[in-house]
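Taking this note's numbering, the leading residue of the sequence shown gets 9, the next gets one more, and so forth.
Report on the structure given below.
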Amino acid sequence: MTELQKSNLVKGLSIGAVLGVLTGAAVMYSFQQPSVEDDDRPPIIVRGGSLIFESGDTKKSKPGKPWRKETVTDSAGQSEVQWKPDHEKARSVGLFVVSFENGTDASGATCVSEFLPELTVIYDHDGEAGTPAIRYLISRRPRNNGNGTMAPTVIQTAPLTEDNTSVPDYPTLTLTGTETKIAIEYTRANGQTVVCSADRATVEPRH
């Protein structure tokens, strides 16, 4: 074998080894990265009539989890009431995929699905112009079990009525009211704040 042939053989083996490593890494990455459809937490449905937060989605036959109330005291000594779907072994939440039913923004444009770290639900419970709307934050908060898992959380401002038993597969939190529309306020990555008025919003946790 000539020196040139030896050199070409070494180069070929080196390139093959590098390609093999890259291919293996790509395969490993593809297994480690879940798709946006792959999550073990049920969605949260937000709808009007009265304001209802529903764990699970009846339209897609995705059962939810019972709501669990936690009261947390922050570093300033202020109490915060949090409601979480009771799902101790679920993956930690990284963001939410939010979609809208009959949703329009302030310009009249149709609201599109968004990937969001948090969102605010605005509900005009009595329809009176002089009464401020009630706002609930849906965000991620650590569970009180000390394992650091971030759970989808409804932050209570006005009291919500829990019902984990009437329809066990689809537990609800309710604020009594008459307005059929809800408003969802959120901030996009570019800093733009959007308010979407909709009949219903689907909030799907993703890890």
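The C-beta atom is built at its ideal place from N, Cα and C for all residues, glycine as well.
Rounded Cβ spacing between residue i and residue j (contact assumed at less than 8 angstroms)
i: residue 193; j: residue 201; result: 7 angstroms
i: residue 210; j: residue 53; result: 6 angstroms
i: residue 161; j: residue 92; result: 5 angstroms
i: residue 171; j: residue 184; result: Not a contact, Cβ separation roughly 12 angstroms.
i: residue 94; j: residue 71; result: The Cβ separation is near 13 angstroms, so there is no contact.
Residue i versus the options, residue with shortest Cα-Cα distance
i: residue 196; options: 177, 213, 123 and 58; result: 123
i: residue 178; options: 64, 60 and 147; result: 64
i: residue 135; options: 215, 48, 56 and 50; result: 56
i: residue 112; options: 212, 215 and 207; result: 207
i: residue 77; options: 169, 188 and 109; result: 169
i: residue 97; options: 182, 150 and 189; result: 150
i: residue 68; options: 172, 50 and 81; result: 50
i: residue 80; options: 158, 141, 90 and 176; result: 90
i: residue 145; options: 132, 137, 163 and 133; result: 163
i: residue 99; options: 143, 118, 71 and 156; result: 156
i: residue 214; options: 159, 114, 94 and 191; result: 159
i: residue 86; options: 142, 133 and 165; result: 165
i: residue 205; options: 174, 119 and 58; result: 119
i: residue 88; options: 110, 167 and 137; result: 167
i: residue 189; options: 110, 138, 173 and 199; result: 110
i: residue 175; options: 147, 130 and 62; result: 62
i: residue 191; options: 147, 131, 138 and 173; result: 131
i: residue 129; options: 83, 138, 147 and 173; result: 147
i: residue 203; options: 138, 115 and 48; result: 115
DSSP beta-bridge partners of residue i
i: residue 213; result: 104
i: residue 237; result: Past the edges of the chain, shown from 9 to 215, lies residue 237, and the structure says nothing about it.
i: residue 69; result: Answer is none; residue 69 lacks a bridge partner.
i: residue 165; result: Its beta-bridge partners do not exist; DSSP assigns none.
i: residue 48; result: DSSP lists no partner for residue 48.
i: residue 63; result: 52
i: residue 171; result: 180
Give the list of continuous beta strand (DSSP E) stretches no shorter than 3 residues that lie fully inside the segment 77-163. Counting only runs of 3 or more, we get 87-93, 103-109, 122-124, 127-131, 142-150 and 158-163.
Contact the segment 117-134 vs the segment 93-106: 3+ CB pairs below 8 angstroms: Contact between the segment 117-134 and the segment 93-106 is present, because at least three Cβ pairs lie under 8 angstroms.
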